[in-house]
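Novice: Okay, here's the structure, questions in a sec.
This is the structure we're talking about:
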């Protein structure tokens, strides 16, 4: 499933017909309840203790390398949401535990239903969350004291708390409400210049990880190319005429 | 105008008579409405499509280099607010669009009138904001989900929302109110040791862009010199005597 | 006293019987009022102007080196709270000035009594705070505009304001209230897998100081070893049986 | 072809039967003469001016994005040599121009035939080399003055000069000679503990890109897992018995 | 004089008629003997102990700030050689002490006359070199053991030693010889595509200061714009026709 | 022994009577043969497989944490050579295997006897060297191709090869010869201004790990304090009088 997500995001990233993406969950009760404990404890799974083959068990170093490969490849799947050229708006509802948080943090905008319940659950299964929650939370503009609290205690927090600390930037009534809000936002983003939207996402992500001096320079090099778009002229013309314009595909 | 701002800030930075700066706008209705579309679309301007000269048009790479030089030099003008040795308090009112946000983010403290209306407008003219908004917003302590929302949609947000997310740290009644508050704060900062104020601004900015370990070491080297100020002794003496003191120029 | 703190934290860091730490102050009125001005102005102290020995006074460079050594060693004492393997929950009450803020920011979770009064006081004694406040505040997930305001003006702020900006993540009634809350949180954290708790603290701190790409890779290498803990299996088993488990010492 | 290289290296990286890799070229006269100008100027190629489709030509920004995607994906192919878990020894002979240098620099050890002729040719086709030469050369331990000379002038340099500056670390007679030397080195590396070899490559690459403090910490976390290998005990036992041992697959 | 150098380099950087720069010294005996001790000890100079004004002498912190401003502005002058868009080839002869090394290291290619005598002299006047030598030497691809030796002892080293360690990349007979070689190299560089030359200098400098992953990404964004130059097509056409071409100004 | 080294270096670092340090080995045959395999395989040692206590063996994660603590503390001991304020000159002779390389790379200047034999031996005992060799070698100004060769093969290299690649910066006859040369260099360094020597070591190390822009700024802050030394005036006066001077202790 995660490999499919990766493949899908990579495709959407370059698909000229796509301008914004809404990520939601199909079920009524949960965005995701996180790791499936049953599956994870199946013989042969990455976290399982019993080896699937009958040969000599690998030593702890060899096991470590298999785990490292597995985690890196899992991370790559989720990070595809972040590296996707198109903005990804995440509509969260119901139970959002464990991997739900990793996924949400790899998206650009996080919206929640009022009934959403969040928890960084990993510590409860003996794990330091390794697919992105602990790496992206300290750079998501939320209180570090709060972030450490919820990561170290695995306690639940409600949509209202998520909004107050800035983990999500909007709360709406029910799954329908948040999905509608996410789609409206996506439609709005899709109406903008795809060149400007791409640059905005890319530079915000770059700046999160670099010094302001580095990021200013990067921005200058980026826009040296991307300012040469027809979209600027189309947008200005439309702006002066007080009319809407539609922009070419990217 | 931007070159003048740069020259002015560079001068104030070293002027021993200046201890704190308030940046405000003279008009009643706007701090800044951002890019002047009329000027930008004039033949010969950086964003214009029609070349001013009649010679062979440069290829996209040569155009890119002209744009890069232009952006870098524009950024330098705005960054002068950040590199200025003296704290800069920004009093925002009315329309604060586009460049208003770039400018505000290069200042140290942002205060707003209750009627201020903000928008990261660039995406609406086909541009990824390149004078600082996208580079400084992810390091301004605001929710990343919110930051991406306002940058990708170019939607307006009010002073109250700006305060709730931490984009500004105070909201006051009207342009007069915010200006009075900014001046009071500036007077207060100006009454402190200029050596301590300089170090505080410098180390906060350095720390924003470096690891804690790097920043602690930098602080130690900085204070190795600046703790040797007469101001510490004057301040302590005044503190013990419960009296105000005035500090020598820097 | 600071050397004792360092020694204590280093010991607790490796003590297998310790799983979470609460840092509080014994007095009823203050967590800490910061620098003791009387002590600091005693001849021979680091900030004193009068030299204790009668020999030729050192030049400004030699003085600088003594100050640098002193600051680095003082920082190391406070940083021991951060590098301690066990989470440190700070219960703040009453007056929390100057060093109280440096100390609080080196802790993982900050809780406050409703009557707590905070101030980054250093600028009032002619000093740019050099034991951690200025380096950790820009990475604590609080508004930079607010952070610069309180650091440049040394103004007081109440527990409610501290909560609103995310400097603390919980406010409780009185010293007793905050201490009880801190202890409850510590007990909760102590009930979790110590392997997972250690990794969670370590990766959150690493991520604060590195890019997301770097931090994801670090997490993968970290968990390559730490996922091989019996705690995962114990936790999963307990989870499936809906029972509590207790984890081996680390 | 580059996609095949990427796929191949990704497979070899995890193949437990592979312990070291020798990269060589099949032809007698050249390792690689670099970019195929004929292919590159075919309509539809990345560098071609004439568009393959008959539709409206994309603007410079849209072209830029296509180029950026293309370069990033090309870089990923070559970087697979560096991220491959197994050491890659590059045996260079004859003409080694342009891409040959990008490829060689992504390998771990570079050996050359005495008749090898090198050139960073890109500047001669109007390009700043973008597949790795300019990014890896300043971190390859060669004189920066020399590196800028050969990159800015595109002048040829012989195997002896390459050895003198440290671009290669061994020169041998003819293609046969260098291939034999590379294979001998590969056989030697393959006889070592695969756990130790993996860690050595990984930590050297990490250290090239990070501060010493960061790299020491990374090494400690890495070896926390990888020191727990049976290989250490096997190697020590063999060492004490003055015998050779063979190590389990990784 | 240093301000003039800055102004000159800034002008040449954007002058479309300039494609490569040779930096040499006019006198027969020295490139530079470094700091002029007589001037430096004149009352009022930055290093002088006696203050030029008769007012209260500033404290050590205020003096420190004046020194810091002075050093930063001096560094900016010399760094203009590095940030100049055009390659700067430095022809060194005779005595090259102190500032001569700072200047040479800010240039792209360093060539020396056989009689050149080098020394990092600053330690002999009680100073840690602060205009660039100590910051650029560890990134110049020279042995760190050698770099520390010459910086800590201030001992002289000859052109042959400078070549052996890679501090210079060519040695020629006499001032005439090295100047001729520098000019030939400059003419060669000037015959290349100015777009490719600019990118090559810029990316090599960027890569020196960033990780390989960061630098590869930067290169992709850079070339997204600069590959769209007519020069690529002109160069390829000329290459296929085995003819020389001349490139448009930048 | 390593704890003693740490304690010793920490003491010498601040001892005003010490100005330069020579590190040598007492035995005639070896600087160090590296890890003592007998000691390392003793029950209870960090690398030993058999646990010294009879209790339940810790799981791989808990073992990992013990190893991590052990490696970090061992690294700290060796790094004390680098963080010591005084330059450390390493005189290498005879067998210099394993830890000898870690130690040598933490020193400032490396000199060797002609008969010295070097090897990065760790891979031969199943270990990726974790006390500094792999982290400092890529930043020591030596060819990366060579560094990977010697680290991956554990092959011996002679003093002449070490000199040619820049691992050492001088080779002398026999242990006596290298020790004499090291002492002469130490005496020379000790005759310089201790303020200038400290700054030179500190800034070179800082620059190795930071970008040039960062390092230039750090240098300016550093010298803002340290240029205010009496040593500059003493050195200039002595220089003008062509006399030697002796500098005050630091």
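Protein chains in written order, with the working numbering: chain Y, -10 to 239; chain F, -10 to 239; chain B, -10 to 239; chain C, -10 to 239; chain S, -10 to 239; chain H, -10 to 239.
From the three backbone atoms N, C-alpha and C, an ideal C-beta is built for every residue, glycine too.
1) Kindly list the residues whose CB is nearer than 7 Å to the CB of residue 94(Y), restricted to its own chain and excluding five residues on each side of it in sequence; keep chain order.
2) Can you check whether the C-beta of residue 39(S) is within less than 8 Å of a C-beta belonging to chain B?
3) Whole-angstrom Cβ separation of residue 262(C) and residue 20(C), contact assumed at under 8 Å?
4) Let me confirm a value: residue 191(C) is counted as buried when at least 16 other C-beta atoms fall within 10 Å, else exposed. Which label applies?
5) By the DSSP assignment, the beta strand (DSSP E) with residue 237(B) in it spans what residues?
6) Scan the region 61 to 76 of chain F for residues whose Cβ lies nearer than 9 Å to a Cβ of chain B and list them as they occur along the chain.
7) Compare the C-alpha of residue 99(F) against each of 92(F), 158(F), 134(F) and name the closest.
8) Rounded to whole angstroms, what's the CA-CA distance from residue 135(B) to residue 6(Y)? Just pull it up for me.
9) Excluding the 5 residues preceding and the 5 following residue 204(B) in the sequence, name in chain order all residues of the same chain whose CB lies nearer than 8 Å to its CB.
10) Indicate whether the contact test is met: 3 or more Cβ pairs, each with one atom in the region 62 to 81 of chain F and one in the region 173 to 189 of chain Y, closer than 8 Å.
11) With DSSP as the reference, label residue 73(S) as helix, strand or coil.
12) Would residue 112(C) pass as a contact of residue 81(C) if the rule is Cβ separation under 8 Å?
13) Work out the CA separation of residue 239(B) and residue 49(H) for me, nearest whole Å.
14) Whose Cβ in chain C lies nearer than 8 Å to the Cβ of residue -9(S)?
15) Does residue 98(S) have its Cβ less than 8 Å from a Cβ in chain C?
16) Candidates 55(S), 221(S), 216(S), 117(S): which alpha carbon is nearest residue 186(H)'s?
17) Return no unless some Cβ of chain S is closer than 8 Å to the Cβ of residue 155(H).
18) What does residue 158(S) pair with, by DSSP beta-bridge criteria?
19) Helix, strand or coil, according to DSSP, for residue 80(S) in the structure here?
20) Tell me the DSSP secondary structure of residue 129(F) in three-state form.
21) Tell me, please, which residues DSSP counts as bridged to residue 11(F).
22) Determine, for residue 214(H), whether the minimum Cβ-Cβ distance to residues of chain F falls below 8 Å.
23) How would you list, in chain order, the residues of chain C whose beta-carbon sits under 8 Å from the beta-carbon of residue 202(F)?
24) Assuming contact is defined by CB atoms lying nearer than 8 Å, are residue 109(C) and residue 139(C) in contact in what I supplied?
25) Starting from residue 185(C), trace the alpha helix (DSSP H) both ways and give me its first and last residue.
26) Is residue 209(F) close to chain C, meaning its C-beta is less than 8 Å from at least one C-beta of that chain?
27) Count the other CB atoms, across all protein chains shown, that sit within 10 Å of the CB of residue 132(H); report buried if there are 16 or more and exposed otherwise.
28) Are the Cβ atoms of residue 202(B) and residue 148(B) separated by less than 8 Å?
29) Do residue 141(H) and the ligand SAH come close, with the Cβ less than 7 Å from some heavy atom?
30) Determine, using beta-carbon pairs with one atom in the region 204 to 219 of chain C and one in the region 203 to 218 of chain B, whether at least three such pairs fall under 8 Å.
31) Residues of chain B with CB closer than 8 Å to the CB of residue 117(S), please, in chain order.
32) Use the C-beta contact count for residue -10(S): other C-beta atoms within 10 angstroms, 16 or more gives buried, fewer gives exposed.
33) Against chain B, does residue 106(H) count as a neighbour if the rule is that its beta carbon must be under 8 Å from one of theirs?
34) Are the CB atoms of residue 89(C) and residue 16(C) within a distance shorter than 8 Å?
35) Which residues in the same chain as residue 156(S) place their Cβ atom closer than 6 Å to its Cβ, once the five residues preceding and following it in sequence are excluded?
36) Identify the contact partners of residue 223(F) in chain S, using a Cβ-Cβ distance below 8 Å as the criterion.
Specialist: Concretely, from the data shown:
1) As a first step, residue 94(Y) is located in the first chain; it is residue number 105 there, counting from the start. Contacts found: 121, 122, 125, 126, 129.
2) Mapped onto the fifth chain, residue 39(S) falls at position 50. Confidence in residue 39(S) is poor, its pLDDT being 47 and thus under 50, which makes the residue's placement too unreliable to answer from.
3) Here chain C comprises residues numbered -10 to 239, so residue 262(C) is not present and cannot be evaluated.
4) Residue 191(C) sits at position 202 when you count from the first residue of the fourth chain. Looking at its Cβ environment, which holds 16 or more other Cβ atoms inside 10 Å, residue 191(C) is buried.
5) As a working mapping, residue 237(B) is identified with position 248 in the third chain. From DSSP, residue 237(B) is part of no beta strand (DSSP E); its letter is neither H nor E.
6) Under the 9 Å Cβ criterion, the region 61 to 76 of chain F contributes 76.
7) To locate residue 99(F), count along the second chain from 1; it is residue 110. Of the listed residues, the one whose Cα sits closest to residue 99(F) is 158(F).
8) Counting from 1 along the third chain, the entry for residue 135(B) is found at position 146. Counting from 1 along the first chain, the entry for residue 6(Y) is found at position 17. Within the model, the alpha-carbon separation for residue 135(B) versus residue 6(Y) is close to 42 Å.
9) Here residue 204(B) refers to the residue found at position 215 when the third chain is read from its first residue. 192, 195, 196.
10) no
11) On the fifth chain, residue 73(S) is found 84 positions in, with the first residue counted as 1. Correct three-state label for residue 73(S): coil.
12) The residue you call residue 112(C) lines up with position 123 of the fourth chain. The residue you call residue 81(C) lines up with position 92 of the fourth chain. No, Cβ-Cβ distance for residue 112(C) and residue 81(C) is not below 8 Å.
13) Position 60 of the sixth chain holds residue 49(H). Position 250 of the third chain holds residue 239(B). So the two alpha carbons sit approximately 11 Å from each other.
14) Position 2 of the fifth chain, counting from 1, holds the residue named residue -9(S). Simply none; closest approach about 23 Å.
15) The sequence position of residue 98(S) within the fifth chain is 109, counting from 1. Closer than 8 Å: yes.
16) Here residue 186(H) is taken as the residue at index 197 of the sixth chain, counted from 1. Ranking 55(S), 221(S), 216(S), 117(S) by Cα distance to residue 186(H) puts 117(S) first.
17) Within the sixth chain, numbered from 1, the residue matching residue 155(H) stands at position 166. At least one chain S Cβ lies under 8 Å of residue 155(H).
18) What you label residue 158(S) is simply residue 169 of the fifth chain in a count that begins at 1. BP columns for residue 158(S) are empty, so no partner.
19) By one-based count along the fifth chain, residue 80(S) stands at place 91. Here residue 80(S) sits in strand by DSSP.
20) Mapped onto the second chain, residue 129(F) falls at position 140. Residue 129(F) falls in the coil class under three-state DSSP.
21) The sequence position of residue 11(F) within the second chain is 22, counting from 1. DSSP, once it has assigned bridges, lists 78(F) as partnering residue 11(F).
22) Counting from one through the sixth chain, the residue named residue 214(H) turns up at place 225. Under the Cβ distance rule, residue 214(H) counts among the residues neighbouring chain F, one pair being separated by less than 8 Å.
23) What you label residue 202(F) is simply residue 213 of the second chain in a count that begins at 1. The answer, in chain order, is 202.
24) In the fourth chain, the residue the question calls residue 109(C) occupies position 120. In the fourth chain, the residue the question calls residue 139(C) occupies position 150. Yes, the pair counts as a contact, with Cβ atoms nearer than the cut-off.
25) Taking the first residue of the fourth chain as 1, we reach residue 185(C) at position 196. Taken as a continuous stretch (DSSP letters only), the alpha helix (DSSP H) holding residue 185(C) covers 183 to 198.
26) On the second chain, residue 209(F) is found 220 positions in, with the first residue counted as 1. So, not an interface residue.
27) Along the sixth chain, read from residue 1 onward, the residue named residue 132(H) stands at position 143. Residue 132(H) should be labelled buried.
28) Numbered from its first residue, the third chain carries residue 202(B) at position 213. Numbered from its first residue, the third chain carries residue 148(B) at position 159. No, the Cβ-Cβ distance between residue 202(B) and residue 148(B) is not below 8 Å.
29) Among the components modelled here there is no ligand, and therefore nothing to report on the ligand SAH.
30) yes
31) Here residue 117(S) refers to the residue found at position 128 of the fifth chain. Within chain B, no residue comes near residue 117(S); the closest Cβ sits about 10 Å away, beyond 8 Å.
32) Translated into the one-based positions of the fifth chain, residue -10(S) becomes position 1. Its Cβ having fewer than 16 others within 10 Å, residue -10(S) is exposed.
33) Within the sixth chain, the letter at position 117 stands for residue 106(H). It does not: the Cβ of residue 106(H) has no partner Cβ on chain B nearer than 8 Å.
34) Here residue 16(C) is taken as the residue at index 27 of the fourth chain, counted from 1. Here residue 89(C) is taken as the residue at index 100 of the fourth chain, counted from 1. Not in contact: residue 16(C) and residue 89(C) (Cβ atoms no closer than 8 Å).
35) For the purposes of this step, residue 156(S) is taken as residue 167 along the fifth chain, with counting starting at 1. The residues are 131.
36) Position 234 of the second chain holds residue 223(F). By Cβ distance, chain S contributes nothing, its closest Cβ being about 10 Å from residue 223(F), past 8 Å.
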